[in-house]
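So the sequence lines, in the order shown, correspond to chains A and B. Following the working numbering, the numbering of the first sequence begins with 1 at its first residue and continues without gaps. Following the working numbering, the numbering of the second sequence begins with 1001 at its first residue and continues without gaps. Right, one structure below, let's go through it.
Protein chains: 2
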Amino acid sequence: MKTVGKRKPPSETHRRKTVSVSVGGIRVGSGHPLVVQSMTSTDTHDALRTLKQIQELSRAGCELIRVALPDQAAIPAFQKIVQKSPLPVIADIHFDFRLALEGMKAGAAGIRINPGNIGGPAKIARLIEMAEQKGVCIRIGVNAGSLEKGLLPRWKTEGQAEAMVDSALRHVAIFEKMNFKNLKISLKSSDVLQTVRAYQLLAKEVAYPFHLGITEAGTILSGTVKSALGIGLLLYQGIGDTLRVSLTAHPREEIRVAYEILRALGLRKRGVEIISCPTCGRCQIDLLPLVQKVEKAVQKYTHPLKVAIMGCVVNGPGEAREADIGIAGGKGLGLLFSRGKLIRKVPEKDLAESLLEEIKKMI
Amino acid sequence: MKTVGKRKPPSETHRRKTVSVSVGGIRVGSGHPLVVQSMTSTDTHDALRTLKQIQELSRAGCELIRVALPDQAAIPAFQKIVQKSPLPVIADIHFDFRLALEGMKAGAAGIRINPGNIGGPAKIARLIEMAEQKGVCIRIGVNAGSLEKGLLPRWKTEGQAEAMVDSALRHVAIFEKMNFKNLKISLKSSDVLQTVRAYQLLAKEVAYPFHLGITEAGTILSGTVKSALGIGLLLYQGIGDTLRVSLTAHPREEIRVAYEILRALGLRKRGVEIISCPTCGRCQIDLLPLVQKVEKAVQKYTHPLKVAIMGCVVNGPGEAREADIGIAGGKGLGLLFSRGKLIRKVPEKDLAESLLEEIKKMI
């Protein structure tokens, strides 16, 4: 992908400084690239299906995988998942701290606990003992939908963000008192502005890496908007070290959206970026099916490449020239550009094939 | 939609001050709500199909519509479109300033010109004369893909954003010298960071309303990510007065994404917001088809409402309580909440119907 202009992405210039942690060998913190993660949507009791999903997500670019550990009965399957997973596995724990202990015994590289339901210092002391023994990183995962009941008055008087930060800081204090600092923190709400505000506030208070996400963001379209906004506003401000896009959809879409966000902000590049126009009364080729066909065919590539597919001569030649490979549509044909140079005219019916050939050549 | 916490959306607290303009009665500027617009993707020569699309977009919430005016042959159809359109029509002009004159004669409420290809002061003087006579608002629509050739060296040395701003300022100077100020400005690139930077720079220079957009953003998923990021980062900073989401997709999706962006930033509310979880190994109901069914059924509503559809008891009851209406899934059933109160248990098979009934009652 060409860089346009001289300006560095904002995050390179002022990413918030954090300590680093390791989750099964994957480093998370300001000294390292943003880490993309997701969570399995399968039944954890079904180890085979869960592993199959993890493998698919790994191929799609997922780097850390979280798996719900809902009950004792799921422990044997969870253990199998951890053993065979191509990615470090994080156990997602609610309500019962003993599940966290079991998860760590089973080999989890990380655990996520919810301060709203994990219990007090005595239980946390037991977690810490095991986490230290196993070298496990713990995420304090605050969620507005399950805040401690004691914080609800603060939510009402001061705001949701303030209450979430309070929840996190109380638990940070418990962990620090016991001298445990192998922590990540998340503050998730389904409200974008509250989420952004919460991370901004906490960024002033602690140096732990942040896991970003908008929770319960909705289906693919609205969830993508909310995630891009919430995660993007924070990353633009240099806040955030790992991210999970949360969608009511197959988790492979979460990975795709995560990389789209990172690429648009100049933070990580993976796969083919397609620049394509919305079409208008000026468009002289049947653009939408062409773009869809190319987009689908190039999803297998991980090599970063910028491809422009444009319908007319207004911005077509300009965009096609700036991309690695490009097409500018004309009447029943397209001009094919490669590395900024016009190569040849291609009849409309052969455009997809010619473009895919050029892409393959370049990759 | 409930407001969460006390914090006002950032744009309410520091929206950039601009002058106001009117496009066929629709006011654009910092004293007015953000205006949602789109562009027809039909052939302008086909007035009936174009009008049908405009009517559909109007029902979806579009407030201003842009129509390409590609050649003289399209003038009669354009005139018919303007006469019958339920929305003020903006003529999109490239290359030939005479098309802009004809568009204004035909009744366009606004015109968009591209400084990269419209020609010099003598031609602009002719435009101004007609625009003043007809009360037409002119958008200076800079696009990185079609910048003036003379600015390409500046792009190379200083950056794309700087070159785009330069293009806009040169044309603002031409218009102001002729004492014409009925202007909007846009600075679109397919690069999110360059677009954001360009608007930030120009915001320091002029007080005209800004039309926001990421150009050539791609298909529905990547285009939504880029648009949410680019438009969202600017709106969050208080920059922007009207927006067009640009997608290689049916323009009704552009309207949907525009409202999702505005809602997530607390700027405008339209229709039902669905809070739904990504599902995980903890989910006890078949959530995705339920959410999809409800989402589809509520698209017809314009009344703002927050509906939570959650798979389990971790965040389910919390989110369901905060929403206007909510479901928290359990084993083969769901708890139905209304205005924060648990109403009743509903068997899984009846969840969609019960939820839709409650929504209808509330609207």
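All C-beta atoms in this analysis are idealised placements derived from N, C-alpha and C, irrespective of residue type, glycine included. These numbers were taken from a predicted model, which means no experiment stands behind them.
Taking 8 Å as the upper bound for CB-CB distance, A:Ala60 and A:Arg252 are in contact here, some 5 Å apart. By the CB criterion at 9 Å, B:Val1307 and B:Ile1359 fall inside the cutoff. In the DSSP annotation of this structure, the continuous segment of the alpha helix (DSSP H) that includes A:Phe78 starts and ends at 75-84.
Along the region 242-257 of chain A, going in chain order, the ones with a CB nearer than 8 Å to a CB of chain B are Ser246, Leu247, Thr248, Ala249, Pro251, Glu253, Glu254, Arg256, Val257.
Contact annotation: A:Gly145 and A:Glu56 have beta-carbon atoms that are not nearer than 9 Å. The alpha-carbon of A:His94 is positioned some 41 Å away from that of B:Leu1034. Scanning the region 1198-1275 of chain B from its first residue to its last, the whole beta strand (DSSP E) runs of 3-plus residues come out as 1242-1244. Closest by C-alpha distance to B:Gln1194, out of A:Leu265, A:Leu336, A:Gln37, A:Ala108, is A:Leu265. Residue-level contact check: B:Cys1277 touches chain A, since one or more beta carbons of chain A fall below 9 Å from its beta carbon. Cα atoms of B:Phe1078 and B:Ile1327: separation of roughly 49 Å, rounded to the nearest angstrom.
Looking at the backbone, the Cα of B:Gly1238 and that of B:His1014 are separated by about 6 Å. Sequence-ordered contacts of the region 1135-1160 of chain B with chain A read Asn1143, Ala1144, Gly1145, Ser1146, Leu1147, Trp1155, Lys1156, Thr1157, Glu1158, Gly1159, Gln1160 [C-beta pairs closer than 9 Å]. Restricted to the region 49-135 of chain A, the beta strand (DSSP E) segments that are unbroken, complete and at least 3 residues in length are 64-68, 89-92, 110-113, listed in chain order.
Its chain contains Thr219, Ile220, Gly223 as the residues whose beta carbon lies nearer than 8 Å to that of A:Ala249, once the 5 sequence neighbours on both sides are disregarded; these appear in chain order. For B:Arg1339, no beta strand (DSSP E) segment is defined, and its DSSP state is neither H nor E.
Spatial neighbours of A:Arg321 in its own chain (CB-CB distance under 7 Å, excluding positions within 5 residues in sequence) are listed in chain order as Phe337, Gly340.
In chain A, no part has a C-beta under 8 Å from the C-beta of B:Thr1302; the shortest such distance is about 16 Å. Taking the Cα positions, A:Ala73 is about 15 Å away from A:Asp92. Residue-level contact check: A:Glu102 does not touch chain B, since none of the beta carbons of chain B fall below 9 Å from its beta carbon. In the three-state reduction of the DSSP assignment, B:Gly1024 falls in the coil class. Per DSSP, the continuous beta strand (DSSP E) segment holding B:Val1035 begins and ends at 1035-1039. The straight-line gap separating the alpha-carbon atoms of B:Leu1355 and B:Ile1285 is approximately 15 Å. Close CB contacts of A:Arg16 within its chain, under the 7 Å cut and outside five residues either way in sequence, are with Ser30, Ala203, Gly238, Ile239 (chain order). A distance below 7 Å between beta-carbons, with the five flanking residues on each side excluded, links A:Asn117 to the following residues of its chain, in chain order: His94, Phe95, Ser146. For the 9 Å CB-CB criterion, B:Pro1115 and B:Ile1081 do not form a contact.
Looking from the CA of B:Thr1040, the closest CA among B:Val1023, B:Tyr1208, B:Cys1062, B:Val1067 belongs to B:Val1067. Classified as buried, B:Gln1160 has 16 or more neighbouring CB atoms from the shown chains inside 10 Å of its CB. Measuring C-alpha to C-alpha distances from A:Leu48 to each of A:Glu63, A:Pro76, A:Gly25 identifies A:Pro76 as the nearest. Among the bridge pairs identified by DSSP, B:Asn1143 is matched with B:Lys1188. Here A:Ile274 has Glu295, Val307 as same chain residues with Cβ atoms under 6 Å from its own Cβ, once five neighbours each way along the sequence are excluded. Across the structure, B:Gly1311 and B:Leu1288 are spaced so that their CA atoms are roughly 9 Å apart. Contact check for B:Glu1063 against B:Leu1087 passes: the beta carbons are separated by less than 9 Å. The beta carbon of A:Lys269 does not come within 9 Å of any beta carbon belonging to chain B, so the residue lies off that interface. Proximity to A:Val346 across A:Gly230, A:Ala352, A:Leu333 peaks at A:Leu333, based on C-alpha coordinates. The residues Ala328, Gly330, in chain order, have a CB closer than 7 Å to that of A:Val313 in the same chain once the five nearest residues on each side in sequence are set aside.
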